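Notes to accompany the following structure.
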Amino acid sequence: MADQRQRIIASVFSRRNAEGNLEETYVSHIKIWEDAGPEGGGRKPRYILLSQASNGSGFLHKSKKNTNDTFSVGKTWRLAELRKIEVVNPFAFNLTLARTYRWQTENQDDQANFLEALIRLFRVVSGPQAPLQLEASVEFPQRASKRPGRTPSPTGAPQRPPRTQATRIQNVVAEVPQRTPSPASVTNIRSMNGNASRSGSPAGPTRERRPPSITVPVPPPPAAPLSSQRPSNQTNGSSARIPSSNLERTPSRVPQESNRILAPNRADNSSPTPSARSRAGTSRVENILSNSATEANALRRDQNTRISYFDPANQATLDRLILPDSQADADGEEENAQATLINVEEMIEGYEWASDDVVGKKMTRGAVDMIEARLLDELNALEKANIHSFLESDDRVSVVMKFMDDALAELDNMDSLISTYKIHLNAVNEDILYIQSQNRGLQVQNQNQRALLSELQNLLRTVHVDQEALATLTQESLEKSQSISRLEEAAVQLYKALQAGRDTDMAATMERLQEYRTYNSQFCKRVFDFLSIMVVARSKMLLGDTSGLTKSPPGPRPTALLHDELEAYLSRYIGLLLYMREMDENIYSKLCAAYFSSASDLHGIQMKALMSGHLELVRKVADEEFDQGFGTTVTPLASKGATGMRRAGTIIRSPIESRQREKERRQQDGDMRASEVFGLFLEQIANLIYREDAFVSDFLQINDSGFTFADYIGLDNYFRRQAARSASLSQNTTKLIRGALDLIFGFLPAELKAWLDAALIKDGMELIGILAFLERFILEAEERGNPFVINLLEKQHSRLKVIFDRHISDQLKNIERTKLSSKKRKGVTHFVKYFSAYTSRVESQLVGANNLEIRTSVDAAYEKIVQSMFDSLKQIAKLEGEGEDKGQLNYHVILIENMHYFVSEISQMDVPSLNGATRRAQAIYDENVAAYVKIVFRRPFGKIIDFFEALDRVAKGVNPSELASNSNFNKAALKKIIKDYNSKDIRKYIDVLAKRVEKHFTDAEKATAEENNGVASGKVLLGVWNSCEEEFVKLTEAWASRISQLYSDSGVALEYTTTEVESSFRRQKFGS
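Mapping the sequence shown onto UniProt numbering, position 141 (from 1) lands on 141, and the numbers just tick up by one.
Listed below in structure tokens is the structure:
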């Protein structure tokens, strides 16, 4: 226990303030067990520590014991927050602070001592008036032994049942105690205990109806008999306050003295006493609570206060005076008891118990109180007299008291000496601790110096390069692979030395490191000079006499040679470049610039030759085909020669010279389309760029991987960390290597633009195919993640897209110009005939381009061109013809011819985006054919058509009998009309109609066929004639039906049949 206390003090209460005093002083502690919760499983041990701070406040700490026998505080409460102490059982108690805590203990004596110290310190800290509720919740069964033939309680008094639960000891601040002991009994505890020790025996049960305030269970017989102070009636109603002066006493003295006072000195067959014989095993917790309450109340007693009936000294005196000697026999006791009972009535009368008020039950309670008060007064007086007689009768009391005072004085002297020794011991202990700490510091310093010496030796060994390695760096060849390996091994030693000495400023290594830095600079300069020369030399070897090109076996198409040999040769120096990158950034940046310049020259010569060779493969379109457009027509060669001199001094050459010049031109130009050639050489250029990008990233480590020379060689983690710290490049070097492709291929945008312009000069229509190839390669570059190629191609794509939009605008203007310049009908217009050829050329360049942007642009262009053509056709048709009928016929003829040609040509192509235009053209064709047939029928069949149209208007809502009275529509009028259109007349009228329709469409068909190189546009005349036949058959059937409905009783009918109509129309041989 003492060792544990010392460990607690050393761990928790050893801190001192600025004045050198302890911040907290240890008072007491107790080991408890608390529930560890559902996850902890079972209980866990903790320690409750009681301490007093230097400023007078008190604290409760909950701590745990660590594995190294030290203690650490987990929670702290201020003692002033204590509100209630509840003793659950000898091994458990509850403390109420901000909330109630229940703790299990291991030893009831430790629990009692801790609670006593807790209550005393609370009174010292909070003052005697601070509220504190004391409660014992455990049940302590009473034991009462009855003597045969004797009643233990007065006969007239009502019997109070014993309490089945623990009596609560609580603080009532405003209540004044009813009975307080006299000052004589509590003024001096030592004198009281000394007098009480000489008393004969404990008091008997004089008032059984007043149960004790705290009941304590009787321990088993083997336990040592412990008698406690008889519980006072005060305890129930007074607060348990502990004065500060009582804290200085030794806690164990009061229970010992109490035990001596209440020790039993009579046999078991004496009258039963609830204090001594029946409570031999009283708990120390009850003594603590009772003593605390008694001492607290003793301070408030005065000279006029009655002495409590249950005070131990008074009870011992009463027992000695009233009870007979323990050696007397039972008969004498019985006689005394009988004599006492005889005088009961006199006692009752003397206390006015038999008065009229009492008998009439008017003042029963008041009489009882009066009797009780008088009895208490008598008892107090008797107690005082007895105590005085004890003190006066025995002279040894003063001697004993004197010896006790001397002993206490000696004890105080010893206590002061012990305190002095303790101070000296503490001083010596501090000196010892200081010496030990100094010793440990010296040991640590000694170990640190030895470790430092070892590290210095290791550092010196690390910062050392063999002379052989230095000689290798300065003299070894850079050409052979074995020599490169030896250079890398020598460079590793120099690298490790420089990296290890990077963060040190020791004089022992500075001179050596400076020498190594000189070797490092010389070696990096040597590598730079060698590689700069070798890159240029190897590039010239690659170009050779063919500018780095070769002819592919299938034909004369040039192919760029790959740089595999050059890349393989330079890849051997990757390790040395990594070394140079970290150890000499300036030389590394110069090497990067030199390589970029040499690579740019190499690729520039190779790619320019490649593009020039492919430009010769592009087919140049013929002049006639080049001039063909929506706004121009083919000009015969004869017309060109008939113009004579075009300008002054220029004479038109003969056709023979023109043919000779055309032959020479065809020999110079190729036979491939510009878009195809562009796709061939762009694929090679893109491949060269991708390969160069990958090689430069590996060769010069232009990436974000953070790969260092230490990683390349596989050095220890220390050197890898050092390399990672210094691996970052300066801003200028980073900018240089990030723009590697821009520096190498900086010539390419201008060269690519020049090639495209030259190719479009040869064939401008190939613009659409070139845009399609650009978009394909842009998508591929996006998949590869190459921003340089994306930027390069997007610039050309944006420029060509503007040219394409300008081209579409020019075509729309040409169509508008054709509308204004057309003066007469010439069959199918030029822009309608050219649209099919234009569409064919465009679609041939868009094979497999359905998912590209150019497909959407071309579809939108189709829509604009078709809309413009249809609007121009309607405008041209309105301008044709002089008279109204002739103008209408020409309008319909123009639209019929052009829409028939458009539908015939476009429907043969599989262009989904033109399906809507084809449907619109078909609708315009059908509408105009129907209108043309109605107009052309007016001349031969006008009378009969007008008659039946008028008949249809009149016959609506009119009874057929009413028509007989109408002179215009009676039977006679019908016969007259029918007579004019018999079978012979119908055949004649159809022949006239055939000649007229043939005149309208035959000339136009011939002109269209000639302009279309003999390919007919679809036999528009046959289609119109068939429409005429169908329309007249419908009219004939309608007329016959109307006659049968309105003139059924007249016996009149048409004089020709539909069969005759069909045979007359088919007699015309337009389709042959």
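Every residue, glycine too, gets a C-beta built ideally from N, C-alpha and C. The structure displayed is predicted, hence computed values, not measured ones.
Assumed close pair residue i, residue j - CB separation to whole angstroms, cut-off 8 Å
i	j	result
serine 481	valine 535	Incorrect: roughly 18 Å between the Cβ atoms, too far for contact.
leucine 487	tyrosine 516	So it is not a contact: roughly 16 Å between Cβ atoms.
serine 776	leucine 846	Here residue 776 is arginine; the residue named in the question, serine, does not match the sequence. Between leucine 846 and arginine 776 the Cβ distance is about 12 Å, and since that is not below 8 Å, they are no contact.
isoleucine 689	alanine 740	Contact flag wrong, Cβ pair sits at about 11 Å.
residue 1074	leucine 1046	The question about residue 1074 has no answer, for the chain in this structure spans 1 to 1072.
alanine 560	leucine 610	5 Å
arginine 108	proline 90	One point to set straight first is that residue 108 is glutamine, not arginine, in the sequence displayed. Indeed, because the Cβ distance is near 4 Å, the residues count as touching under 8 Å.
serine 28	tyrosine 47	Not really, about 11 Å apart at Cβ, beyond 8 Å.
leucine 812	lysine 864	6 Å
isoleucine 894	isoleucine 906	That belief does not hold up - the Cβ atoms of isoleucine 894 and isoleucine 906 are roughly 18 Å apart, past 8 Å.
phenylalanine 122	isoleucine 30	With 8 Å as the limit, phenylalanine 122 and isoleucine 30 do not qualify as a contact, their Cβ atoms being about 15 Å apart.
valine 936	arginine 996	6 Å
glutamate 1062	valine 1033	7 Å
Other residues of its chain near residue i: CB distance less than 7 Å, five sequence neighbours each side excluded
i	result
glycine 1023	His900
residue 1076	Lying before the first or after the last residue shown, residue 1076 is absent from the chain, which here runs from 1 to 1072.
serine 913	Asp859, Tyr862
valine 903	Thr918, Ala921, Gln922, Tyr925
arginine 538	Leu566, Tyr569
valine 911	Thr839, Glu843
Sequence-distant residues of its chain with Cβ nearer than 6 Å to residue i (five each side left out)
i	result
glycine 501	Val463, Thr509, Leu513
arginine 102	Asn94
leucine 614	Reading the sequence as shown, one finds histidine at residue 614 and not leucine. Counting only Cβ-Cβ distances below 6 Å, and skipping sequence neighbours, we find Val677, Phe681.
lysine 663	With a pLDDT of 49 at lysine 663, under the threshold of 50, the modelled position of that residue is not reliable, and the figure given next carries that caveat. Within the same chain, lysine 663 has no close Cβ partners at all.
residue 1074	Absent from the structure is residue 1074, since the part of the chain shown begins at 1 and ends at 1072.
glutamate 489	none
asparagine 21	Ser54
asparagine 993	The residue you asked about is not asparagine; residue 993 is leucine in the sequence shown. Contacts found: Pro940.
leucine 576	Val527
Residue j beta carbon less than 9 Å from that of residue i
i	j	result
tryptophan 1039	isoleucine 944	yes
isoleucine 854	alanine 772	yes
isoleucine 737	alanine 674	no
serine 57	leucine 79	yes
serine 521	aspartate 466	no
phenylalanine 1065	isoleucine 977	no
methionine 672	valine 621	no
tyrosine 838	leucine 889	no
valine 828	glutamate 751	no
leucine 542	histidine 563	yes
leucine 531	leucine 470	no
phenylalanine 948	leucine 1035	yes
leucine 591	arginine 526	no
The ligand FMN heavy atom lying under 8 Å from the CB of residue i
i	result
leucine 1022	Annotation note on the ligand FMN: not contained in the displayed structure, which lists no ligands.
Own chain residues within Cβ distance below 8 Å of residue i, not counting five before or after
i	result
glycine 42	Ala36
glutamate 455	none
arginine 7	Asp69, Thr70, Phe71
lysine 979	Glu1055
lysine 762	Val618, Arg619, Lys620, Val621, Asp669, Ala674
glutamate 782	Ile790
glutamate 1031	Ala930, Val933, Lys934, Phe937
alanine 964	Asn970, Lys971
phenylalanine 788	Ile689, Asp693, Leu741, Asp742, Phe745
alanine 409	none
(request) For the region 792-806 and the region 691-700, state whether three or more C-beta atom pairs, one from each stretch, are separated by less than 8 Å. (result) no
(message) Under 8 Å: do the region 6-13 and the region 66-79 share three or more Cβ pairs, one atom per stretch?
(response) yes
(message) With three or more C-beta pairs closer than 8 Å as the rule, is the region 752-768 touching the region 794-803?
(response) yes
(message) Quick check for students: name the residue ranges of the alpha helix (DSSP H) that lie wholly in the region 941-1009, counting only runs of 4 or more.
(response) 971-979
(message) What ranges does the alpha helix (DSSP H) occupy inside the region 457-503, keeping only unbroken runs of at least 4 residues that lie completely in it?
(response) 467-475, 481-500
(request) With a floor of 3 residues, list each beta strand (DSSP E) that falls wholly inside the region 548-627, ordered by position along the chain. (result) 549-551, 558-560
(request) Report the residue ranges of all alpha helix (DSSP H) runs contained in full by the region 749-801; include only those spanning at least 4 residues, in chain order. (result) If you keep only unbroken alpha helix (DSSP H) runs of at least 4 residues inside the region 749-801, you get 767-784.
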